[in-house]
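Step one of this worksheet: look at the structure below.
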Ligand code: ADP
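In UniProt numbering, the protein residues as written are 1 to 268.
This is how it looks when you write it as structure tokens:
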């Protein structure tokens, strides 16, 4: 099936460095049963944010990494053959609706079109999930919250959320953290000391300035953490940067050379 995990909310909240008031906004949305849409580039902390808030609020969390083959049935559930019998098995969305959990649909625009149809009755004040296959109409248990994320940066007109779907959600825009916040995050996540992390973050800022010119996407916080972790384990700085912060960004030899020149200018 799809990549899906369930985390119990009672676990200690994973570290999350807020960008602005997103934690307060999440809390209000959770209290008022409002669905939430997180917009922003990949690797900037959206998934970590949801995990942090779920743990803080003590709600179980179902995370589904959406992909272009993910259908409504993957979320809702299906009949499966078990020991010669056909039994109904709930999907992650149905489980979240029954249990009053948070369901996080990561990169929701990647999923098939039929998924948005399922989300509509759940995102208005009916808060119901019709399950056509079993004839059930589930009312969401108290605590159920739908959170979805998408990356508006991808230049694909077909893969954007329709206004009729988008306008059902409160939305928060995420971007890469401010320099000092990002340094703190990378230090904490990688274990590399601050004066070795800061130049990596500075380089990332320069690489992000190239977005839209030579690069489709800027380097993510995740990739800086990878580079810092390689360096902490003893890899030479330039090698770590190449593997973690340059190669993942481009396949074009000329662009790559341009990025390497930027590395030399920053570290040389
Ligand atoms: P996204 O869901 O936006 O693609 P993630 O939440 O998976 O990104 O973030 C990637 C990694 O970057 C996380 O695993 C975490 O280590 C780190 N990270 C990014 N932003 C933050 C933040 N604000 N606080 C703590 N860690 C962060």
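Backbone N, C-alpha and C define an ideal beta-carbon position, used for all residues, glycine too.
Taking residue i as part of the alpha helix (DSSP H), name the residues at either end of that continuous run.
i, result
"residue 226", "221–232"
"residue 50", "46–57"
"residue 65", "Counting along the chain, residue 65 falls outside any alpha helix (DSSP H), though it belongs to the beta strand (DSSP E) covering 61–65."
"residue 258", "253–267"
"residue 206", "194–208"
"residue 292", "With the chain covering only 1 through 268, there is no way to say anything about residue 292."
"residue 113", "113–119"
"residue 211", "Neither: residue 211 is in no alpha helix (DSSP H) and is coded neither H nor E."
"residue 76", "72–76"
"residue 238", "237–241"
"residue 250", "Per DSSP, residue 250 belongs to no alpha helix (DSSP H) and is neither H nor E."
What number of angstroms, rounded off, separates the C-alpha of residue i from the C-alpha of residue j?
i, j, result
"residue 153", "residue 175", "11 Å"
"residue 137", "residue 119", "13 Å"
"residue 249", "residue 214", "10 Å"
"residue 25", "residue 46", "14 Å"
"residue 70", "residue 79", "17 Å"
"residue 22", "residue 201", "23 Å"
"residue 263", "residue 77", "49 Å"
"residue 27", "residue 52", "11 Å"
"residue 109", "residue 151", "8 Å"
"residue 218", "residue 225", "14 Å"
"residue 242", "residue 185", "21 Å"
"residue 2", "residue 268", "Caution is warranted here: a pLDDT of 44 is assigned to residue 2, below 50, making its placement in the model unreliable, and the coordinate value is therefore given only provisionally. Rounded to the nearest angstrom, the two C-alpha atoms are 44 Å apart."
"residue 104", "residue 59", "12 Å"
"residue 36", "residue 72", "19 Å"
"residue 223", "residue 83", "45 Å"
"residue 135", "residue 161", "28 Å"
"residue 266", "residue 239", "15 Å"
"residue 91", "residue 257", "46 Å"
"residue 64", "residue 236", "36 Å"
"residue 233", "residue 252", "29 Å"
"residue 254", "residue 210", "14 Å"
"residue 88", "residue 126", "24 Å"
So, using beta-carbon positions, are residue i and residue j closer together than 8 Å?
i, j, result
"residue 178", "residue 245", "no"
"residue 42", "residue 220", "yes"
"residue 193", "residue 187", "yes"
"residue 101", "residue 49", "no"
"residue 66", "residue 111", "yes"
"residue 81", "residue 115", "no"
"residue 106", "residue 149", "yes"
"residue 97", "residue 54", "no"
"residue 207", "residue 260", "no"
"residue 40", "residue 216", "no"
In terms of residue numbering, what span does the beta strand (DSSP E) encompassing residue i cover?
i, result
"residue 148", "145–150"
"residue 86", "85–90"
"residue 130", "128–131"
"residue 34", "Residue 34 -> no beta strand (DSSP E), and no H or E assigned at all."
"residue 104", "102–106"
"residue 139", "136–139"
"residue 173", "170–173"
Since residue i contacts residue j with CB under 8 Å, what's their CB separation in whole angstroms?
i, j, result
"residue 147", "residue 34", "Not a contact, Cβ separation roughly 10 Å."
"residue 30", "residue 61", "That pair is no contact at about 12 Å."
"residue 231", "residue 196", "6 Å"
"residue 94", "residue 168", "Not a contact, Cβ separation roughly 19 Å."
"residue 121", "residue 129", "7 Å"
"residue 190", "residue 229", "5 Å"
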